[in-house]
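Since the structure comes first, as C-alpha cells, the remarks are kept for the end.
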Amino acid sequence: MTLRQKTMLWTTVLLIASMLGVYGIAQKLIIRDFLILEKQRADQRMESIRQLLQSELNQLREVNSDWSVWDDSYAFIQDGNPEFIEANLQVTAFRVIRVNLPIFMQGLDVIRYATLFDFSEETELPAPGELLETVRAFVRSQTADALKEGTTGLLPHGEKIYLVSAHAILPSSGEGDSRGAIVFCRLLSEAEIQRMAGIVLQPFSIVRLENPSVPEDIRRPLMQSRDRHPALIRREGPAQLTAYALLRDLTGRSLFVIQAPMPRPIYAQGVTLVRYFMVALYVVGTGLILVMLFLLGRMALNPLSRLSSEVKRIAQQDNLSVRLSATGAHELDTLVHMLNKLFEHLQQTQDSLRQSERKYRGLIETLQEGIWVVDRDACTTYVNPRMAAMLGYTAEAMLGKHLFDFMDERGKALCARNLERREQGSNEPHEFEFIRKRGDRIYTMIETVSITDEKDRYAGAISGVMDITDRKRTEQALMNSQKLEAIGVLAGGIAHDVSNIVMGIMCYGELALHQLQKAGLATDNVEEVLRTGRRAKALVDKILASRQTNKPPAESARIHVAVMEALNMLHASMPENIKVQCNLDPSCKPVRADPLQIVQLVMNLCTNARRAMRETGGILDVKLVPAAADAALCKAVAGLAPGPHVKLSVRDTGCGMSAETQAHIFEPFFTTREGADGIGLGLSVVKNIVAQLGGAIALTSAPGKGTLFEIYLPCEE
C-alpha cells in the first residue's frame, strides 16, 4: 500500500473515529444532563409525597388536639358515661375526619373506648387486640410533655399501615393533670392513597420494606443509608422509572417504603436530541472528509511521492554525496534543503565515528581497570584484557560464559540479588569475590551501570571492576591490630576489677587477724574473705573460658538447677518493661558439665536478650526440655550428634539481627553496640562452652522479629 493510499485510509478512519468520539462524548454529556434533570424531577415528586404525608399527620394531630381539650372528653375518661359515646363517638363523625380507629385511654393502661370503623361498609368492628397493645406500648414510651404537645407517626399492623396521632387529655382551661390520652388512627387504605395521589398528581404506594415488590438492590442501600430521608431511583427501562423513599414508624424503625412509578419524558427528549445531533454530525463530517482528502492529495501527497522516489534512489545507490532536487512546494523545499544538509552532516559523522571508535577501543584495551559487559541473561558479551587477566583467562575464553561460572555458591546467591537490583535500576557500587581460574579468590570493587533497550527495558549491564585484594589484606591486618588493642583494654579493666577484689580480701584479712588476736571472733570476716576470693576466681574463670576451647567437663550437673540459679541472679537486673517467662522440665537427664559453665552460658544469653529489649521492652522466654537428636534434626543443626539431648531455648522479642550480623555474632570482639556497652566476648564464650560440652547451637533471628538461641547439650550416659 502506497503512502497516498495509507494517508487517505487513515485520514478517513481518524475523521470517522473523531466523529464517533464527538458523538459519544456529546451523548454522554447531553444524556447525563437530562438524567440529572430527570432525577431532580423524581426527587421533587417524591418530596411532594413525603410532604403530603407529613401534612396529613399534622392535620390528624390538630383534630386530635381539638378532641383532647374538650371537657366532655376529660369527664368521659373519668366516668365513662354512655351519653358521650352516643353523642360523639359515631361512624359519621369519624368519617368526616377520616379516623378509622379512635382510642380513648384512661392513664396509660386502661382503654375506655376503642372501635374500628369500616367506612366502605358503614360498620363498627372490635379493635384488634395486637393493634391496641402496640398503641398502648407506644403511648407508654412517650413523655408527658410529648403527649401534651401531641405526637404522630406511622404504625404497622400486619400488611396494613396507619397514620397515628396521640395527645394527652386535658381540661379546656389548661389547668389540671392529664387523665389519659386520645389516639386517632387513620388507615392508609388503597382508596386513601389514591386520594392522596390525586392531590400530588403522582400515583404511589406505601409498602413494608420487606415486601417483594421492593428490589434487593434498592432495599439494602435504603437500609444502609445514613440520610434522614433516604430516596433512590431505579430505571426500569427507557420509558419508565420508579422512585423509592424510606419511611420510619413511630419508634424510628425503617419499615416502610414509598414506591412511585414515573414516565421518562425528559430522557426521551434527550435521546431524540442526540439522534438529531448525530445526523447533523454525519452530514457535516462526510463533506469535511471529502474536502480534506482532495486538498491533502493536491497539496501534500503528490510532492511527497516525488520526494520519496528520490530518497529511495539515494538509498539504493548508498551515496551520501547525491543531493535532492526541489519539489515546488515551499514547505517541502525547506525539507529538501534540510535533508541535503543532513546528508552532508552524516557523511562527516561517519568519518568521525570511525576515528572515535579506533581511539576509544585502544583506550579500553589499555585501561588498568577491568571492563565487563553482560547481556540480560548475565552472559559475558565483552571483557577487556585487564578484566581477563584479573581472573587468569583470555578475553576470548570468557566470552559467552555466565557470571556464575566465576564464583562460588555464596557468590551466586549474592550475585542473583544484585542482578535483580540492576533490573530495577539500582547501580550502587559494592564489593564482590570472584574465583580465579587457578582456584584462589580475588576481591574486587564493582561499579555497574544498567543497559536498557529502546523500550527502556533492562538489556544487560556494564561494570567497572577494580582489584582490591591488597587493600582487603591491609584492612584485615588493621582489624587484627584493633583486636589486640581491645585485648589490652580488656586486660586493663580486668586488672582494675581484680585490684578492687584483692583490696577487699586484704582488708577483711587484716580485720580477721586483729580480731583473732583479741577474742577469736573473726568467723564472719573470714567467711567474707572466702566469698570475695571466690568472686575473684569466677572472674578469672570467665576470662579463661573465652580462650580455652578444649577444657573437659568437670562433673555431672542437674542442668535445670543451674539454669534456675542463673535466672535468680538475673532477676534483680531486669528492667520493669521486660517480662521473664520460665519453663524448666525437671525430668531432663543430667549433663556432663560444670554448673558454673551453665550459669555463665545462661547469663550471657539473657544479658544479650535484655540489651536487645532495653528500649522497647518485651518478653524473655527460657525453656528447658528433653530432645532426641534424630537424623532430620542433626541435618538441620550443624555440629549436632545423634542421641539424647537437653534443649535450652532462650527467646526474646527484641530488635533481632540481620543475616550479615548473624554471620559474625559468635566471633570474639564482634559487637553491634556502640561505646563501652560490651566488648563482644559474651556469645564467643557461649560458643566455647557449648563446644566444650559437645553440644550445638541453632540461631533464628530477623530484623524486628526477635531472636531465638537453641542450645543442644548431650545427656550423660
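Position 109 of the sequence shown, counting from 1, maps to 157 under the numbering used here, and the rest follow consecutively.
Don't be surprised by glycine CBs; every beta carbon is placed ideally from N, CA and C.
On a predicted model such as this, the values are computed, not experimentally measured, just so you know.
Neighbour-count burial assignment, residue i, 16 or more Cβ in a 10 Å radius
i      : result
Asp642 : buried
Asn652 : buried
Ser749 : buried
Ile209 : buried
Ala224 : As written in the sequence, residue 224 is Gly, which differs from the Ala given in the question. Answer is exposed; the Cβ neighbour count stays below 16.
Gly541 : Reliability fails at Gly541, whose pLDDT of 48 lies under 50, so the model's placement of it is uncertain and the value that follows must be treated cautiously. So Gly541 counts as exposed.
His215 : buried
Ile151 : buried
Arg160 : buried
Ala686 : exposed
Val144 : exposed
Thr199 : buried
First and last residue of the uninterrupted beta strand (DSSP E) at residue i
i      : result
Ile266 : No beta strand (DSSP E) holds Ile266; the alpha helix (DSSP H) holding it covers Glu264 to Gln272.
Gln317 : Where Gln317 is concerned, there is no enclosing beta strand (DSSP E), although the alpha helix (DSSP H) it sits in stretches over Pro313 to Leu344.
Cys630 : Ile626 to Leu632
Asp488 : First-last for Asp488: undefined, no H or E at that position.
Ser749 : Ala744 to Ser749
His767 : Past the edges of the chain, shown from 49 to 765, lies residue 767, and the structure says nothing about it.
Ile145 : Looking at the DSSP string, Ile145 is not in any beta strand (DSSP E), and its letter there is neither H nor E.
Lys695 : Gly691 to Asp700
Ile254 : Ser253 to Arg256
Asp166 : Val158 to Asp166
Ile37  : Because the chain here runs from 49 to 765, residue 37 falls outside it and cannot be looked at.
Beta-carbon proximity list for residue i, same chain, < 6 Å, skipping 5 on both sides
i      : result
Ser697 : Lys671 and Glu758
Val421 : Thr429, Tyr430 and Ile510
Lys599 : Confidence at Lys599 is low in this model, with a pLDDT of 49, below 50, so the placement of that residue should be treated as unreliable; the coordinate-derived value is given next. Gln740, listed in sequence order.
Val650 : Val611 and Ala614
Whole-Å CB distance - residue i paired with residue j, under 8 Å assumed
i      : j      : result
Ile254 : Ser121 : Going by Cβ atoms, the distance from Ile254 to Ser121 rounds to 31 Å, so no, they are not a contact pair.
Met67  : Gly333 : 4 Å
Glu15  : Thr492 : Since the first residue shown for the chain is 49 and the last is 765, residue 15 is missing from the structure and cannot be characterised.
Tyr315 : Pro286 : 7 Å
Arg486 : Gly440 : 6 Å
Leu149 : Ala175 : 6 Å
Asp700 : Thr755 : 6 Å
Ser777 : Gln250 : Nothing can be reported for residue 777: it is not among the residues displayed for the chain, which extend from 49 to 765.
Ala657 : Gly702 : 7 Å
Leu236 : Leu211 : 6 Å
Ala436 : Met446 : 6 Å
Ser213 : Leu105 : 7 Å
8 Å CB neighbourhood of residue i in its chain, flanking five on each side removed
i      : result
Leu741 : Pro601, Val639, Arg640, Ala641, Gln645, Leu761 and Pro762
Ser373 : Glu358 and Val384
Val797 : Because the chain is modelled from 49 through 765, residue 797 falls outside the range shown and cannot be assessed.
His693 : Pro674, Ala675, Ala676, Ala677, Gly743, Tyr760, Leu761, Pro762 and Cys763
Leu415 : Asn432 and Arg434
Pro263 : Arg282
Leu632 : His608, Val611, Met612, Val670, Lys671 and Leu672
Val158 : Gly228
Ala192 : Ala216 and Ser226
Val364 : Position check: residue 364 holds Gln in this sequence, whereas Val was assumed. Cβ within range, chain order: n/a, list empty.
Cβ-based neighbour list, residue i, same chain, cut-off 7 Å, excluding 5 preceding and 5 following
i      : result
Ile281 : Lys87, Ala90, Leu289 and Ala291
Val647 : Ala610, Glu613 and Ala614
Asp344 : It should be pointed out that residue 344 corresponds to Leu in this sequence rather than to Asp. Only Thr55 and Thr59 meet the Cβ criterion.
Ala426 : His450, Leu451 and Leu467
Phe454 : Leu439, Phe482 and Ile483
Asp456 : Ile483
Arg361 : none
Ala660 : Asp700, Gly702, Cys703 and Thr755
Ile133 : Tyr161
The alpha helix (DSSP H) enclosing residue i, as first and last residue numbers
i      : result
Tyr430 : First-last for Tyr430: Thr428 to Val431, but that is the beta strand (DSSP E), not the alpha helix (DSSP H).
Asp120 : Asp119 to Asp127
Gly666 : Run containing Gly666: none in the alpha helix (DSSP H); it sits in the beta strand (DSSP E), Gly666 to Ala677.
Leu138 : Note on residue identity: the sequence assigns Gln, not Leu, to residue 138. From DSSP, Gln138 is part of no alpha helix (DSSP H); its letter is neither H nor E.
Glu613 : Ile607 to His619
Arg465 : Glu457 to Glu471
Pro643 : Pro643 to Ala660
His205 : Note, His205: premise wrong, no alpha helix (DSSP H); beta strand (DSSP E) at Thr199 to His205.
Ile241 : Glu238 to Val248
Ser369 : That residue, Ser369, is in no alpha helix (DSSP H); it is neither H nor E in DSSP.
Minimum Cβ-Cβ distance from residue i to chain D less than 8 Å
i      : result
Ala684 : The structure shown has no chain D; it contains just one protein chain.
### Query
Between the segment 295-311 and the segment 251-261, are three or more C-beta pairs nearer than 8 Å?
yes
### Message
Below 8 Å, how does it come out for the segment 197-217 and the segment 292-299: are there three or more Cβ pairs, yes or no?
### Response
yes
#### Entry: Three CB pairs or more closer than 8 Å across the segment 620-638 and the segment 654-667
yes
### Message
I'd like to know if the segment 176-191 and the segment 70-78 are in contact, where contact means that at least 3 CB-CB pairs between them fall below 8 Å.
### Response
no
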